[in-house]
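Before any comments, here is the structure.
Numbering (our numbering), first residue to last: 197 to 642.
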């Protein structure tokens, strides 16, 4: 169903056909949309039909001054338990908790009520409890949310495979870091073949059912010093296994590194060397397989999030809910705004509207750092990665979580710095439009 959110800055549209949000141009408003729907004529109505409009859309008119009425995306993990012990896991310091079934269903009801239409499940390992995995996916489907799942694949069985396809998720991601020697260096002996077998089972099930979804992909954790040959080898593995996409996510970002880690020249240059390699590989394989690379203006990308918003998307366009019901800016940021159940009786709108720590955080991060003022490509990076800024300033346990979250400074991976140092030109900015509607990218910077 098309969902329309009336916000203080304009009209947001959720498109089920594009699995994405669109923002109406500011010179138009909700009355223009309502009149188009009523008359069933004109370009706005045609655009809405392209987005998936059939019948009456759901309209949520609850704008909040100078902020979203609710996030756009939610990372919602029902468990932190996992059968692997990957050394780079961002979740390794989390308490081993699993959310009860009734709370899982309650959260999905609340997210849907507030127009949050996209959720991402990682964990932990999502398939470690097949019954709760089914509960999660069923609750997402029944409430109209698009769910994505990220799994290591080693626990995929007939039951969890059936759940993936019966409940119609958007994306099924298997973590595969490269060829066998690379993958098993971090994830353990025997895991490479099991993960690939799981992906091939999913590809075959999708083919047998004649479905276009879920999009099945491999996602690699890679570092600034990952051997260059690993990247193309993984692409070739993906082609052989029949997956739809290879995703090379941002190089590992963690607040657990020592202070100054991300300022090291070999780390910065290693990142950019691999980023440019990925750009070339994306172009080389563009007619064979979809390849996603880090969101960085150096290789061309679109604007991040809502126009006019500043700073990290975490805590603004995106939030994370952990298995205890704690709400944080994202999976990487340690600051805890509070607990949905103990602080707001499970009422998400109340938490979002009244939680003082959340509002304080949003007021702080929604600004432009001094280094970024007048930057022509700021809207495409929004100041970079908060986790790197935190790491560059922290010193053991000297700072409290809120102080960590409020660290000022800029990401040392700064795209403008790299372009200037290497005398490179700005690549063209990417943008997708449907008439007066502009697609909104909820993307992780750099």
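Where is the CB? At the ideal position from N, CA and C, for every residue including glycine.
As the structure is a computational prediction, the values presented were derived from the model and not from experiment.
The beta carbon of residue 225 lies closer than 7 Å to those of 207 in the same chain, with the five residues before and after it left out.
Per DSSP, reduced to three states, the secondary structure at residue 263 is strand. Judged by their CB atoms, residue 515 and residue 217 are not nearer to each other than the 8 Å cut-off.
Distance between residue 399 and residue 439, taken at the CA atoms: about 7 Å. In the three-state DSSP reduction, residue 315 falls in the strand class (E or B).
Bridge pairing for residue 413: 369, 441 [DSSP]. The C-beta distance from residue 449 to residue 583 rounds to 4 Å, short enough to fall under 8 Å.
Sequence-distant partners of residue 379 (beyond 5 residues in either direction) whose C-beta falls short of 8 Å from its own C-beta, in its chain, are 372, 373, 387, 388, 391. Secondary structure at residue 385: coil, using DSSP grouped into helix, strand and coil. Out of 634, 395, 497, the CA that lies nearest to the CA of residue 367 is found in 395.
In its chain, beyond the 5 residues on either side, 259, 260, 261, 262 have a beta carbon closer than 7 Å to the beta carbon of residue 204.
The segment 523-541 and the segment 468-485 do not touch, with fewer than three beta-carbon pairs separated by less than 8 Å. Per DSSP, reduced to three states, the secondary structure at residue 203 is strand. Of 606, 475, 221, 375, the smallest CA-CA separation from residue 502 is found for 221. Under a 10 Å Cβ-count criterion, residue 383 is classified as buried, with 16 or more other Cβ atoms of the shown protein chains found around its own Cβ.
When the beta-carbon positions are compared, residue 553 and residue 486 stay at least 8 Å from each other. Restricting attention to beta strand (DSSP E) runs no shorter than 3 residues, the segment 270-350 encloses them at 314-317, 342-347, ordered along the chain. Distance check between residue 445 and each of 435, 375, 369 places 369 closest, using alpha-carbon atoms only. In this structure, the beta-carbon distance from residue 409 to residue 364 falls below 8 Å.
In this structure, the alpha-carbon of residue 432 lies about 15 Å from that of residue 488. Contact between residue 331 and residue 300 holds: CB atoms are separated by about 5 Å, below the 8 Å threshold. Within its own chain, the residues whose Cβ lies closer than 6 Å to the Cβ of residue 623, once the five positions on either side in sequence are excluded, are 496, listed in chain order. For residue 505, the closest C-alpha among the options 494, 562, 273, 490 is that of 562. Residue 618 sits exposed, since fewer than 16 C-beta atoms from the chains shown fall within 10 Å of its C-beta.
Of the candidates 423, 429, 581, 570, 581 places its Cα closest to the Cα of residue 490. The three-state secondary structure of residue 549, taken from DSSP, is helix.
Cα atoms of residue 254 and residue 210: separation of roughly 10 Å, rounded to the nearest angstrom.
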